[in-house]
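> If you're matching them up, the sequences are chains A and B in order. Take 552 as the starting number for the first sequence in the numbering used here and just add one per residue. Take 552 as the starting number for the second sequence in the numbering used here and just add one per residue. Heads up, the beta-carbon is just placed ideally off N, CA and C, and yes, glycines get one too. Just so you know, these numbers come straight off a predicted model, no measurement behind them.
2 protein chains.
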Amino acid sequence: MTSNQSLPTIAILGGTGKEGPGLAMRWANVGYPIIIGSRKTEKAQAIAAELNAKLNLDSILGLQNSAAALSAEICVLTVVHTAHQAALDGLIQELKGKILVDATARVDFRQPTPPSPPSAARIAQNILGDDVRVVAAFQNVPAAALRKNLDQPLDEDVLICADDLSAMEEVAVLAESIGLEAYFAGDLDNAIVVEGMTSLLISMNKHYKSRTGSIHVTGIEKDSDS
Amino acid sequence: MTSNQSLPTIAILGGTGKEGPGLAMRWANVGYPIIIGSRKTEKAQAIAAELNAKLNLDSILGLQNSAAALSAEICVLTVVHTAHQAALDGLIQELKGKILVDATARVDFRQPTPPSPPSAARIAQNILGDDVRVVAAFQNVPAAALRKNLDQPLDEDVLICADDLSAMEEVAVLAESIGLEAYFAGDLDNAIVVEGMTSLLISMNKHYKSRTGSIHVTGIEKDSDS
Chain A
552 MTSNQSLPTI AILGGTGKEG PGLAMRWANV GYPIIIGSRK TEKAQAIAAE
602 LNAKLNLDSI LGLQNSAAAL SAEICVLTVV HTAHQAALDG LIQELKGKIL
652 VDATARVDFR QPTPPSPPSA ARIAQNILGD DVRVVAAFQN VPAAALRKNL
702 DQPLDEDVLI CADDLSAMEE VAVLAESIGL EAYFAGDLDN AIVVEGMTSL
752 LISMNKHYKS RTGSIHVTGI EKDSDS
Chain B
552 MTSNQSLPTI AILGGTGKEG PGLAMRWANV GYPIIIGSRK TEKAQAIAAE
602 LNAKLNLDSI LGLQNSAAAL SAEICVLTVV HTAHQAALDG LIQELKGKIL
652 VDATARVDFR QPTPPSPPSA ARIAQNILGD DVRVVAAFQN VPAAALRKNL
702 DQPLDEDVLI CADDLSAMEE VAVLAESIGL EAYFAGDLDN AIVVEGMTSL
752 LISMNKHYKS RTGSIHVTGI EKDSDS
């Protein structure tokens with residue numbers, strides 16, 4: 552499939568880790584125009600080339616974060632938490648008028664403990680100001696699952712936290728486009744729980760010798776949404 | 552079914568709210584000897600009588616919290632978070648040598664926001680000292696689901712946080728006895744995330760007009776546990 556001009560362009564900022572390329576691959580595979588962003592152009596281009604080769608595409612671009620953000624309608628931030636604030640400080644102008652999906656892994660992988668409020672997503676909203684609609688999502692979709700065979704459906708749900716319901720709904724469409732059921736889970740302050748869930752999933756993966764632990768929502772009928 | 556003398560006696564401390572009687576009913580129904588604890592004997596006896604009538608039993612007792620704790624092998628604390636510390640301060644002697652399952656609802660239901668560390672379960676362990684094995688569990692099993700028709704199986708998983716793995720396993724048996732799959736999710740510090748999940752489930756229930764939102768674990772094969 553080639554990219555579809557009617558779909559919004561997605562930039563994956565800090566997209567050279569594990570989670571970013573996994574999400575990029577899934578979205579490119581269903582037709583979204585994708586730009587990989589990185590602090591270094593060459594790193595971004597290397598990941599873009601790798602994904603293009605894997606998907607038999609040539610549409611995925613690799614750019615510096617700021618150029619990637621400028622060229623996209625929706626930006627997804629997939630940095631490690633230690634790089635979160637600096638990445639955002641450098642993108643305030645570029646992100647104006649856009650949706651910033653904060654998927655930051657809020658965890659020290661060597662010593663996973665749950666974070667204290669405020670949530671990374673709330674910090675992002677405070678840095679970026681009212682001209683950017685921040686949405687917290689995708690923090691707990693296991694990279695190992697994203698990067699598996701594309702024919703294998705994803706088997707987890709996405710809890711989306713946002714202050715702006717229309718931005719939330721745009722991000723829910725992104726989730727559902729790659730087979731992830733999306734649930735609205737409250738405002739950006741609630742994202743601290745989803746960010747903290749990463750530490751629990753690491754504990755569970757370690758105890759049960761897995762790499763793909765995640766969660767499903769149960770007991771809610773989405774059809775009854777007003 | 553009558554209570555089974557080979558099963559440990561469970562005291563539900565602060566067991567006159569919504570969650571406590573729901574858990575008590577499920578455990579009594581599969582044969583556990585149950586004591587309802589409350590600050591006031593009459594309130595405990597009233598709930599015990601109500602549950603006995605519902606289940607056609609006469610074995611469920613109602614006692615003051617301290618007497619209930621003394622008479623049980625495993626104690627489950629189901630108070631609201633504002634009563635958590637005072638309840639524990641009054642039970643330090645009674646709980647010595649036992650397992651205390653902390654199921655405290657760590658939320659202000661009128662204004663649900665995720666809590667900051669430390670977890671209620673860690674606070675409990677600090678108050679009770681090393682002679683009590685604290686286990687965090689059952690915070691997010693919806694009372695509305697527990698109190699439904701007993702023939703209707705429960706449809707959610709329990710994340711168990713504990714510093715002591717053998718105590719965790721004893722509590723996992725309690726969960727599984729009433730049809731709840733149990734997963735070890737790390738130490739007592741991790742319980743802050745499970746406690747915070749209550750705020751998200753309230754947001755989700757409100758948005759989707761449900762009362763039974765909860766979570767399942769996915770992507771983990773428990774058989775591969777060592």
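Could one say the Cβ of residue 722 of chain A lies closer than 7 Å to chain B's Cβ atoms, at least one of them?
No, its Cβ sits nowhere closer than 7 Å to a Cβ of chain B.
> Give a yes or no on whether 7 Å exceeds the smallest Cβ distance from residue 658 of chain B to chain A.
Not closer than 7 Å to any Cβ of chain A, the Cβ of residue 658 of chain B fails to qualify, so no.
> In the DSSP assignment, the beta strand (DSSP E) including residue 732 of chain B goes from what residue to what residue?
732-735 is the span of the beta strand (DSSP E), which, as asked, contains residue 732 of chain B.
> Between which residues of its own chain and residue 678 of chain B is the CB-CB distance below 6 Å, once the five residues before and five after are set aside?
Within the same chain, residue 678 of chain B has close Cβ partners 639.
> When you compare each of B:663, B:684, B:667 to residue 713 of chain B by their alpha carbons, which one comes out closest?
With distances taken between Cα atoms, residue 713 of chain B lies closest to B:684.
> Whose Cβ in chain A lies nearer than 8 Å to the Cβ of residue 693 of chain B?
Those within 8 Å of residue 693 of chain B in chain A are 770.
> Please confirm whether residue 626 of chain B and residue 602 of chain B have their CB atoms less than 7 Å apart.
Against a cut-off of 7 Å, the Cβ pair of residue 602 of chain B and residue 626 of chain B comes out as no contact.
> Thinking C-beta only, is residue 742 of chain B closer than 7 Å to residue 733 of chain B?
Cβ distance not < 7 Å, so residue 733 of chain B and residue 742 of chain B don't count as in contact.
> If we call anything under 7 Å between Cβ atoms a contact, is residue 611 of chain B one with residue 620 of chain B?
No; because the gap between Cβ atoms is not below 7 Å, this pair is not in contact.
> Is there contact here, the region 652-665 of chain B with the region 759-766 of chain A, by at least three beta-carbon pairs under 8 Å?
Result no; under three Cβ-Cβ pairs closer than 8 Å.
> Per DSSP, which one or two residues make a beta bridge with residue 708 of chain B?
In the DSSP output, where bridge partners are listed per residue, residue 708 of chain B has B:732.
> For residue 753 of chain B, I'd like the list of residues in its chain whose CB is within less than 6 Å of its CB, leaving aside the five on either flank, ordered along the chain.
Counting only Cβ-Cβ distances below 6 Å, and skipping sequence neighbours, we find 663.
> Taking 7 Å as the threshold (beta carbon to beta carbon), is residue 689 of chain A in contact with chain B?
It does not; no Cβ of chain B falls within 7 Å.
> Go to residue 577 of chain A, then tell me how far its alpha helix (DSSP H) extends in each direction, as first and last residue.
Per DSSP, residue 577 of chain A belongs to the alpha helix (DSSP H) from 570-580.
> Do residue 768 of chain B and the ligand FAD come close, with the Cβ less than 6 Å from some heavy atom?
Ligands in the displayed structure: none, and consequently the ligand FAD is not present.
> Mapping DSSP to helix, strand and coil, what is residue 692 of chain A?
Of the three classes helix, strand and coil, the one that applies to residue 692 of chain A here is coil, per DSSP.
> Please look up how many angstroms separate the CB atoms of residue 705 of chain B and residue 730 of chain B, rounded, as I've assumed it's under 8 Å.
Right, their Cβ atoms sit about 5 Å apart.
> Closest to residue 564 of chain B by CA distance: which of B:557, B:618, B:609, B:583 is it?
The candidate whose alpha carbon is nearest that of residue 564 of chain B is B:618.
> What number of angstroms, rounded off, separates the C-alpha of residue 692 of chain B from the C-alpha of residue 596 of chain B?
Between residue 692 of chain B and residue 596 of chain B, the C-alpha separation is close to 24 Å.
> Cβ atoms of residue 735 of chain A and residue 771 of chain A: under 7 Å apart, would you say?
No, these two residues do not count as a Cβ contact at 7 Å.
> Return the residue from the list A:557, A:580, A:670 that minimises the CA-CA distance to residue 700 of chain A.
Nearest of A:557, A:580, A:670 to residue 700 of chain A, Cα basis: A:580.
> Indicate whether at least one CB of chain A lies closer than 7 Å to the CB of residue 743 of chain B.
Cβ-Cβ to chain A under 7 Å: yes for residue 743 of chain B.
> Are the beta-carbon atoms belonging to residue 656 of chain A and residue 631 of chain A less than 7 Å from one another?
It is a contact, given that the beta carbons lie within the stated cut-off.
> Please report the distance separating the alpha-carbon of residue 759 of chain A from that of residue 647 of chain A.
Approximately 43 Å between the Cα atoms of the pair.
> What are the start and end residues of the beta strand (DSSP E) that includes residue 687 of chain A?
Per DSSP, residue 687 of chain A belongs to the beta strand (DSSP E) from 684-687.
> Compare the C-beta of residue 719 of chain B with all C-beta atoms of chain A and state if any pair is closer than 7 Å.
No, its Cβ sits nowhere closer than 7 Å to a Cβ of chain A.
> Helix, strand or coil for residue 563 of chain A? Go by DSSP, reduced to three states.
DSSP places residue 563 of chain A in strand when its eight states are reduced to three.
> Compare the C-beta of residue 632 of chain A with all C-beta atoms of chain B and state if any pair is closer than 7 Å.
Cβ-Cβ to chain B under 7 Å: no for residue 632 of chain A.
> If the criterion is Cβ atoms closer than 7 Å, does the pair residue 571 of chain B and residue 629 of chain B meet it?
Against a cut-off of 7 Å, the Cβ pair of residue 629 of chain B and residue 571 of chain B comes out as a contact.
> Let me confirm a value: residue 643 of chain A is counted as buried when at least 16 other C-beta atoms fall within 10 Å, else exposed. Which label applies?
Classification of residue 643 of chain A: exposed, given that the 10 Å Cβ count is below 16.
> Look at the alpha carbon of residue 682 of chain B and the alpha carbon of residue 708 of chain B, and state the distance between them as a whole number of angstroms.
For residue 682 of chain B and residue 708 of chain B, the distance between alpha carbons rounds to 28 Å.
> Pick from A:624, A:583, A:756, A:744: whose alpha carbon is nearest that of residue 695 of chain A?
Taking only the C-alpha atoms, the option nearest residue 695 of chain A is A:756.
> Using the three-state DSSP reduction, which class does residue 681 of chain A fall into: helix, strand or coil?
Three-state DSSP puts residue 681 of chain A in coil, outside helix and strand.
> Using only the alpha-carbon positions, how far apart do residue 568 of chain A and residue 721 of chain A sit?
Each residue's Cα considered, the two are about 24 Å apart.
> Could you work out which residue in B:606, B:586, B:636, B:653 is closest to residue 622 of chain B when comparing CA atoms only?
The residue with the shortest Cα to Cα distance from residue 622 of chain B is B:586.
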